[in-house]
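**Q**
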Amino acid sequence: MIKGVLFDMDGILIDTEVLGQKIMIEVAARFGYEFTAEMYFLILGCNHDLTRDIMLDHYGDAFPYEDVMQGFYDAFLDTARAGKLPLKKGLTECMEGLRARGIPCALATSTERSIVETYIKGTPEMQGIFTATVCGREVQKSKPEPDIYIEAARQLSLAPAECLGVEDSRNGLRSLRSAGCKSVMIPDLLPYDESFAGIVDYKLDDLTQLCPLIDRINLEATIKG
Numbered sequence: 012m013i014k015g016v017l018f019d020m021d022g023i024l025i026d027t028e029v030l031g032q033k034i035m036i037e038v039a040a041r042f043g044y045e046f047t048a049e050m051y052f053l054i055l056g057c058n059h060d061l062t063r064d065i066m067l068d069h070y071g072d073a074f075p076y077e078d079v080m081q082g083f084y085d086a087f088l089d090t091a092r093a094g095k096l097p098l099k100k101g102l103t104e105c106m107e108g109l110r111a112r113g114i115p116c117a118l119a120t121s122t123e124r125s126i127v128e129t130y131i132k133g134t135p136e137m138q139g140i141f142t143a144t145v146c147g148r149e150v151q152k153s154k155p156e157p158d159i160y161i162e163a164a165r166q167l168s169l170a171p172a173e174c175l176g177v178e179d180s181r182n183g184l185r186s187l188r189s190a191g192c193k194s195v196m197i198p199d200l201l202p203y204d205e206s207f208a209g210i211v212d213y214k215l216d217d218l219t220q221l222c223p224l225i226d227r228i229n230l231e232a233t234i235k236g
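Take 12 as the starting number for the sequence shown in my numbering and just add one per residue.
1) May I ask which residues mark the beginning and end of the alpha helix (DSSP H) holding residue 38?
2) Identify whether residue 83 lies in helix, strand or coil by the three-state DSSP scheme.
3) Taking a contact to mean a Cβ-Cβ separation below 9 Å, would you say residue 55 touches residue 158 in this structure?
4) Alpha carbon to alpha carbon, how far is residue 106 from residue 140?
5) Report the three-state DSSP secondary structure of residue 240 (helix, strand or coil).
6) Answer yes or no: do residue 171 and residue 147 have a C-beta to C-beta separation smaller than 9 Å?
7) Just confirm the distance between the C-beta atoms of residue 16 and residue 175, as a whole number of angstroms; I'd bet it's less than 8 Å.
8) Only counting the same chain, and skipping five residues up and downstream in sequence, which positions put a Cβ closer than 6 Å to that of residue 193?
9) If you draw a straight line from the alpha carbon of residue 154 to that of residue 233, how long is it in whole angstroms?
10) How would you write the range of the alpha helix (DSSP H) that residue 186 sits in, first residue to last?
11) Spatial neighbours of residue 108 within its chain, please: C-beta separation below 8 Å, excluding the five flanking residues on both sides.
12) What's the C-alpha gap between residue 35 and residue 187?
13) Can we say the stretch 123-142 touches the stretch 97-105, given the rule of at least three CB pairs closer than 8 Å?
14) Return the first residue and the last residue of the beta strand (DSSP E) that residue 176 is part of.
15) Ends of the alpha helix (DSSP H) at residue 66?
16) Look at the alpha carbon of residue 4 and the alpha carbon of residue 189, and state the distance between them as a whole number of angstroms.
17) With which residues is residue 196 paired in a DSSP beta bridge?
18) Can you tell me whether residue 147 is helix, strand or coil according to DSSP?
19) Which residue wins for smallest C-alpha separation from residue 197, given the options 60, 14, 13, 26?
20) Residue 39: buried (16+ other C-beta within 10 angstroms of its C-beta) or exposed?
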């Protein structure tokens, strides 16, 4: 029985991945570095510290990580403050459906809390919908470790097994699986393929399909007793 939903943010609720990749390519180029799509997929779902480790390992210790990330965040925050962050298809419909069913939801994102708060402040559709929010540095270990989803479930007063998690990244899906949650993948930049089979319970096209999926899961659980 699904009693709560745990959402990743970027690429699931806000259509930030294409924009984020574009901004990172531009900012890295200003510092003389080439940022590739492959690198973006590698850091997708990681928190600030793990992203730093991955990028320094790839580019070397001279890579100006903090300066690059500051430029990245500044550009993103300017977009958020202007209320121009694009929403993913079905966001409002999905949240209304969860509310009507009495199913609480939590946000579990590797993004820093100050940035998340700016995103939400500039996006009315995301205001007042989360019972709990857990951000990047508020748990000991980043995705793909399970910490963030275990904590998000705890803040909903639920066991991870009672929660459905929604992700678009390999790191996030591995985190959900390790936490013991049921996992939904809604592909964004990263397409679904057979390599995800071991960490994805359900694959959906967009958020409009989430509430019908929960209804089906819960009906099957009720029938089984």
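We put the CB at the ideal spot given by N, CA and C, even for glycine. Please read these numbers as outputs of a predicted model, since none were measured by experiment.
**A** Considering the structure as presented:
1) One-based indexing of the sequence shown puts residue 38 at position 27. First-last of the alpha helix (DSSP H) with residue 38: 28-41.
2) Counting from one through the sequence shown, the residue named residue 83 turns up at place 72. The answer is helix: DSSP assigns residue 83 an H, G or I state.
3) Working through the sequence shown from its first residue, we reach residue 55 at position 44. Working through the sequence shown from its first residue, we reach residue 158 at position 147. Result no, Cβ atoms of residue 55 and residue 158 do not sit closer than 9 Å.
4) As a working note, residue 106 is residue 95 in the sequence shown. As a working note, residue 140 is residue 129 in the sequence shown. Those two C-alpha atoms are separated by around 7 Å.
5) Any property of residue 240 remains undetermined from this structure, which presents the chain solely from 12 to 236.
6) Within the sequence shown, the letter at position 160 stands for residue 171. Within the sequence shown, the letter at position 136 stands for residue 147. Residue 147 is positioned such that its CB atom lies no closer than 9 Å to that of residue 171.
7) Residue numbering aside, residue 16 sits at position 5 when the sequence shown is read from its first letter. Residue numbering aside, residue 175 sits at position 164 when the sequence shown is read from its first letter. With a Cβ gap of about 5 Å, residue 16 and residue 175 count as contacting.
8) Here residue 193 is taken as the residue at index 182 of the sequence shown, counted from 1. Short of 6 Å from the beta carbon of residue 193, and not among the five residues preceding or following it, lie these beta carbons of its own chain, in chain order: 175, 212.
9) As a first step, residue 154 is located in the sequence shown; it is residue number 143 there, counting from the start. As a first step, residue 233 is located in the sequence shown; it is residue number 222 there, counting from the start. Rounded to the nearest whole angstrom, the CA to CA distance from residue 154 to residue 233 is 32 Å.
10) As a first step, residue 186 must be located in the sequence shown, where it is residue number 175. According to the DSSP assignment, residue 186 belongs to the alpha helix (DSSP H) that extends over 181-190.
11) The count along the sequence shown starts at 1 and reaches residue 108 at position 97. Same-chain partners within the cutoff: 221, 222.
12) The residue given as residue 35 occupies position 24 in the sequence shown. The residue given as residue 187 occupies position 176 in the sequence shown. Approximately 27 Å, taken between the alpha carbons.
13) Contact between the stretch 123-142 and the stretch 97-105 is present: 3 or more CB-CB pairs across the two stretches fall below 8 Å.
14) Within the sequence shown, residue 176 is the residue found at index 165, counting from 1. Under the DSSP assignment, residue 176 falls in the beta strand (DSSP E) whose first and last residues are 174-178.
15) If you number the sequence shown from 1, residue 66 lands on position 55. DSSP places residue 66 inside the alpha helix (DSSP H), whose first and last residues are 59-70.
16) Only positions 12 to 236 of the chain appear in this structure, which leaves residue 4 out of reach.
17) Taking the first residue of the sequence shown as position 1, residue 196 is located at position 185. According to DSSP, residue pairing for residue 196 in a beta bridge involves 178, 214.
18) Taking the first residue of the sequence shown as position 1, residue 147 is located at position 136. Residue state for residue 147 is assigned as helix, using DSSP reduced to three classes.
19) Looking up residue 197 in the sequence shown gives position 186. Here the closest residue by C-alpha is 26.
20) Indexing the sequence shown from 1 puts residue 39 at position 28. Residue 39 is buried by the Cβ-count criterion.
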